[in-house]
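Everything on this sheet refers to the single structure shown next.
Protein chains: 2
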Amino acid sequence: MGEISKATLKRYPVYLKALRKLSEEGKKKIMSAELSEYVDIKPTTIRRDFSLIGQLGKQGYGYDVDELISIFARELGEDYDEKMILIGVGRLGTAILNYNNWNHVAGEIVCAFDLIPEKRNKEPKVNVPVYHISQLKEKMPKGCEIAILCIPSGAQQIVNELHDLGIKGIVNFTREHFVLPEGMIKRDVDVVSTIQELVFEVNSMNR
Amino acid sequence: MGEISKATLKRYPVYLKALRKLSEEGKKKIMSAELSEYVDIKPTTIRRDFSLIGQLGKQGYGYDVDELISIFARELGEDYDEKMILIGVGRLGTAILNYNNWNHVAGEIVCAFDLIPEKRNKEPKVNVPVYHISQLKEKMPKGCEIAILCIPSGAQQIVNELHDLGIKGIVNFTREHFVLPEGMIKRDVDVVSTIQELVFEVNSMNR
DNA sequence: TGAATATTGTTAGATTCTTCACAAATAAGA
DNA sequence: TCTTATTTGTGAAGAATCTAACAATATTCA
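Below you can see the structure in the form of structure tokens.
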């Protein structure tokens with residue numbers, strides 16, 4: 049598999065999501081032109097993106113929907129059964145743990161860490177063990193490479209610790225700024241920033 | 049103000065966030081090179097981005113932090129006092145409403161809509177009125193252009209209604225696919241997709 | 001005040017990403 | 001089986017984005 053660009057990478061989950069919906073609707077095959085209308089990405093871009101993974105389609109026919117789904121699922125890590133940890137079991141952290149309904153969609157949250165684990169463990173909605181943040185090292189699952197960060201402050205220190213413990217990717221819900229150690233990757237999920245961008249763009253439309 | 053590229057637009061909230069932190073730390077002036085280390089964006093890119101808004105800096109000196117903050121805040125809509133609605137007061141919706149601590153950071157959530165408003169209104173954590181989804185039209189705030197979508201299904205129909213009611217921007221937390229009506233903008237906040245991307249990238253690193 | 005120093009704003013070139021256009025390949029129908 | 005219809009996969013052109021390099025300009029210190 050060749051080098052895949054960041055831009056393409058961002059589109060793969062979009063394809064997978066759309067394909068799942070199409071499959072549910074009973075669609076067996078699809079052509080790039082039709083998928084294009086569905087995901088609002090140009091057919092050529094779709095074909096190029098697909099071709100980076102391999103020869104997924106058949107000329108003169110199109111793509112087999114279920115085949116695509118299983119390929120993308122595998123490529124996107126649904127089969128990796130990635131083990132993840134979550135740090136900060138506040139309101140947001142709890143919402144995410146609950147949402148763990150996603151059932152191995154991209155792996156599984158194995159355990160969580162918090163400053164007041166006693167309290168968190170009592171909440172009926174939290175369905176993984178919560179340990180004290182000081183136990184990071186001893187309770188870190190084997191082979192865990194991804195951490196979900198939902199703490200309100202003190203991110204830098206924890207990120208540094210995570211780095212030392214072998215975490216390579218961070219899903220960042222923190223609004224606080226921190227410097228990413230060498231060799232780590234992060235993705236921000238920032239609702240406020242997202243809204244700000246949108247507001248800015250909507251207001252640009254109005255001018 | 050010239051035409052601002054999508055790429056630049058995405059960075060503005062990042063700058064604002066970092067500048068706020070710097071200001072809190074007592075920083076009065078900053079140079080593009082220093083800010084660069086902070087946000088991990090090349091100095092030239094920063095200067096270019098800033099210059100699109102106007103002559104914000106002084107040569108041989110740098111940028112005034114608080115001045116930048118107030119300019120960005122204005123540009124990003126914090127002064128627009130944008131009115132927003134939220135649809136779907138489930139676990140996630142509630143978390144967002146709570147997080148409404150952001151206090152006019154990008155506007156204000158005025159009210160929410162749900163299928164069971166009676167129940168939602170009883171929850172102590174929800175601090176805005178919740179109306180039944182069928183009352184969308186009559187309860188829509190004047191001048192509201194942005195909706196936050198947190199429903200598990202049935203997105204398409206609601207999006208169409210919102211469009212008819214003058215909503216121009218959607219912050220989408222739904223995992224369901226829908227077609228965006230002409231003239232609308234959306235931003236996806238998709239935790240699962242974000243994790244998928246990250247898993248994919250981390251696994252690419254390992255190869 | 002004037003020279004030396006520092007840092008912005010911007011031009012031009014490099015890089016990354018997108019899309020056009022068409023050859024290659026398959027499917028379907030005669 | 002052969003021809004016609006399609007639709008993919010991809011080379012090359014085009015567009016968007018990023019960045020190196022430097023001229024312009026402000027600041028600072030003698």
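Sequences listed follow chains A and B, in order. Our numbering numbers the first residue of the first sequence as 49 and each following residue consecutively. Our numbering numbers the first residue of the second sequence as 49 and each following residue consecutively. Using N, Cα and C, we set each Cβ at its ideal position, and we do this for glycine too.
*From glycine 74 (chain B) to glycine 217 (chain A), what distance separates their C-alpha atoms?*
Taking the first residue of the second sequence as position 1, residue 74 (chain B) is located at position 26. Taking the first residue of the first sequence as position 1, residue 217 (chain A) is located at position 169. Glycine 74 (chain B) and glycine 217 (chain A) have their C-alpha atoms some 31 Å from each other.
_isoleucine 133 (chain B) and alanine 160 (chain B) closer than 9 Å at C-beta_ = Taking the second sequence and counting its residues from 1, the one referred to as residue 133 (chain B) is at position 85. Taking the second sequence and counting its residues from 1, the one referred to as residue 160 (chain B) is at position 112. Yes, they are a contact pair.
*Check methionine 49 (chain B) in the structure and name its three-state DSSP category.*
Translated into the one-based positions of the second sequence, residue 49 (chain B) becomes position 1. Residue confidence is low: methionine 49 (chain B) scores 43 on pLDDT, short of 50, so the model does not pin down where it sits. No coordinate-derived value is stated.
*Any Cβ of chain B within less than 9 Å of the Cβ of glutamate 249 (chain A)?*
The sequence position of residue 249 (chain A) within the first sequence is 201, counting from 1. Among the residues facing chain B, glutamate 249 (chain A) is included, as its CB has a counterpart in that chain under 9 Å away.
*For chain B, is any of its Cβ atoms less than 9 Å away from the one on glycine 154 (chain A)?*
Residue mapping note: residue 154 (chain A) aligns to position 106 of the first sequence, counting from 1. The question names glycine, but residue 154 (chain A) in the sequence shown is alanine. Yes, its Cβ sits closer than 9 Å to a Cβ of chain B.
*Are the C-beta atoms of threonine 142 (chain B) and some chain A residue less than 9 Å apart?*
Start at 1 with the first residue of the second sequence, and residue 142 (chain B) comes out as number 94. With 9 Å as the cut-off, threonine 142 (chain B) counts as an interface residue toward chain A.
*Within the same chain, show all residues whose beta-carbon is closer than 8 Å to that of valine 158 (chain A), passing over the 5 residues directly before and after it, in chain order.*
By 1-based counting over the first sequence, the position of residue 158 (chain A) is 110. The residues are Lys131, Met132, Ile133, Val176, Pro189, Cys192.
*Hey, how far is the Cα of asparagine 220 (chain B) from the Cα of aspartate 238 (chain B)?*
Locating residue 220 (chain B) in the second sequence gives position 172, where the first residue counts as 1. Locating residue 238 (chain B) in the second sequence gives position 190, where the first residue counts as 1. Going by the C-alpha atoms only, they are around 8 Å apart.
*Three-state secondary structure assigned by DSSP to glutamate 193 (chain A)*: Locating residue 193 (chain A) in the first sequence gives position 145, counting from the first residue. Coil.
*Is the region 200-207 of chain B touching the region 57-70 of chain A, taking contact as three or more C-beta pairs under 8 Å?*
no
_So if I threshold CB-CB distances at 7 Å, which residues from the region 183-205 of chain A count as touching chain B?_
Hits within the stretch, in order: Glu193, Ile194.
*For glutamate 123 (chain A), which of helix, strand or coil comes out of DSSP?*
Stepping through the first sequence from its first residue, residue 123 (chain A) is reached at position 75. The three-state reading of DSSP puts glutamate 123 (chain A) in helix, counting H, G and I together.
*Using CA coordinates, which residue listed in A:Cys198, A:Leu184, A:Phe226, A:Val137 is at the minimum distance from glutamate 209 (chain A)?*
Position 161 of the first sequence, counted from the first residue, corresponds to residue 209 (chain A). Among A:Cys198, A:Leu184, A:Phe226, A:Val137, the Cα nearest to that of glutamate 209 (chain A) is on A:Leu184.
_So if I threshold CB-CB distances at 9 Å, which residues from the region 53-85 of chain A count as touching chain B?_
Residues passing the 9 Å Cβ filter: Lys54, Leu57, Lys58, Tyr60, Pro61, Val62, Leu64, Lys65, Ala66, Arg68, Lys69, Leu70, Glu85.
*In three-state DSSP terms, what is isoleucine 101 (chain B)?*
One-based indexing of the second sequence puts residue 101 (chain B) at position 53. It is coil, neither helix nor strand.
*alanine 162 (chain B) lies in the alpha helix (DSSP H); which residues open and close that run?*
Position 114 of the second sequence holds residue 162 (chain B). Checking the displayed sequence, the identity of residue 162 (chain B) turns out to be aspartate instead of alanine. Premise fails: aspartate 162 (chain B) lies in the beta strand (DSSP E), 156-162, not in any alpha helix (DSSP H).
*Beta-carbon separation of isoleucine 194 (chain A) and isoleucine 135 (chain A) under 9 Å?*
As a first step, residue 194 (chain A) is located in the first sequence; it is residue number 146 there, counting from the start. As a first step, residue 135 (chain A) is located in the first sequence; it is residue number 87 there, counting from the start. No; because the gap between Cβ atoms is not below 9 Å, this pair is not in contact.
*Does any CB atom of chain B fall closer than 9 Å to the CB of histidine 211 (chain A)?*
For the purposes of this step, residue 211 (chain A) is taken as residue 163 along the first sequence, with counting starting at 1. Cβ-Cβ to chain B under 9 Å: no for histidine 211 (chain A).
*Can you pull the chain B residues whose beta carbon is under 9 Å from the beta carbon of aspartate 88 (chain A), in chain order?*
Looking up residue 88 (chain A) in the first sequence gives position 40. Residues of chain B passing the Cβ test: Val227, Leu228.
*Do the region 54-61 of chain A and the region 93-110 of chain A make contact, defined as three or more Cβ pairs closer than 8 Å?*
yes
*Per DSSP, cross-strand counterpart(s) of tyrosine 111 (chain B)*: By one-based count along the second sequence, residue 111 (chain B) stands at place 63. Tyrosine 111 (chain B) is bridged to B:Ile78.
*Taking only beta-carbon positions, decide if tyrosine 111 (chain B) is within less than 9 Å of chain A.*
Position 63 of the second sequence holds residue 111 (chain B). Taking Cβ atoms only, chain A never reaches closer than 9 Å to tyrosine 111 (chain B), which makes this a no.
*Can you pull the chain A residues whose beta carbon is under 7 Å from the beta carbon of leucine 100 (chain B), in chain order?*
For this step, residue 100 (chain B) is matched to residue 52 along the second sequence. Residues of chain A passing the Cβ test: none, with the nearest at roughly 12 Å.
*Among the residues of its own chain, which have a CB less than 6 Å from the CB of methionine 79 (chain B), if the five just before and after it don't count?*
To locate residue 79 (chain B), count along the second sequence from 1; it is residue 31. Gly110, listed in sequence order.
*Bridge partner(s) assigned by DSSP for tyrosine 179 (chain B)*: Position 131 of the second sequence, counted from the start, is the residue given in the question as residue 179 (chain B). In the DSSP assignment, the residues bridged to tyrosine 179 (chain B) are B:Phe161.
_Any non-hydrogen atom of the ligand NAD closer than 8 Å to aspartate 129 (chain B) Cβ_ = Ligands in the displayed structure: none, and consequently the ligand NAD is not present.
_For valine 247 (chain A) and arginine 223 (chain A), believed in contact at Cβ under 8 Å, the rounded distance_ = If you number the first sequence from 1, residue 223 (chain A) lands on position 175. If you number the first sequence from 1, residue 247 (chain A) lands on position 199. With 8 Å as the limit, arginine 223 (chain A) and valine 247 (chain A) do not qualify as a contact, their Cβ atoms being about 17 Å apart.
*Of the residues B:Arg96, B:Ile89, B:Asp114, which one's Cα is nearest the Cα of glutamate 72 (chain B)?*
Against the second sequence, residue 72 (chain B) aligns to sequence position 24. Checked all of B:Arg96, B:Ile89, B:Asp114; the closest Cα to glutamate 72 (chain B) is B:Asp114.
_Closer than 9 Å to chain B by CB, glycine 214 (chain A)_ = In the first sequence, residue 214 (chain A) corresponds to position 166, counting from 1. Output row for glycine 214 (chain A): interface = no.
*chain A beta carbons: is any one of them nearer than 9 Å to that of glycine 105 (chain B)?*
By one-based count along the second sequence, residue 105 (chain B) stands at place 57. It does not: the Cβ of glycine 105 (chain B) has no partner Cβ on chain A nearer than 9 Å.
*Starting from leucine 134 (chain A), trace the beta strand (DSSP E) both ways and give me its first and last residue.*
By 1-based counting over the first sequence, the position of residue 134 (chain A) is 86. 131-135 is the extent of the beta strand (DSSP E) around leucine 134 (chain A).
*Nearest-angstrom Cβ-Cβ length linking leucine 163 (chain A) and isoleucine 144 (chain A), presumed shorter than 8 Å*: Sequence index remark: in the first sequence, residue 163 (chain A) carries index 115 (1-based). Sequence index remark: in the first sequence, residue 144 (chain A) carries index 96 (1-based). So it is not a contact: roughly 17 Å between Cβ atoms.
*Flag lysine 234 (chain B) as yes if its beta-carbon sits less than 9 Å from any beta-carbon of chain A, otherwise no.*
Locating residue 234 (chain B) in the second sequence gives position 186, where the first residue counts as 1. Judged by the 9 Å Cβ criterion, lysine 234 (chain B) is in contact with chain A.
*Please list, in chain order, all residues of the same chain as glycine 125 (chain A) whose beta carbon is under 8 Å from its beta carbon, the five residues on each side excluded.*
Translated into the one-based positions of the first sequence, residue 125 (chain A) becomes position 77. Only Ala154, Gly155 meet the Cβ criterion.
_Under 9 Å between C-beta atoms of glutamate 249 (chain B) and isoleucine 233 (chain A)_ = In the second sequence, the residue the question calls residue 249 (chain B) occupies position 201. In the first sequence, the residue the question calls residue 233 (chain A) occupies position 185. In contact: glutamate 249 (chain B) and isoleucine 233 (chain A) (Cβ atoms closer than 9 Å).
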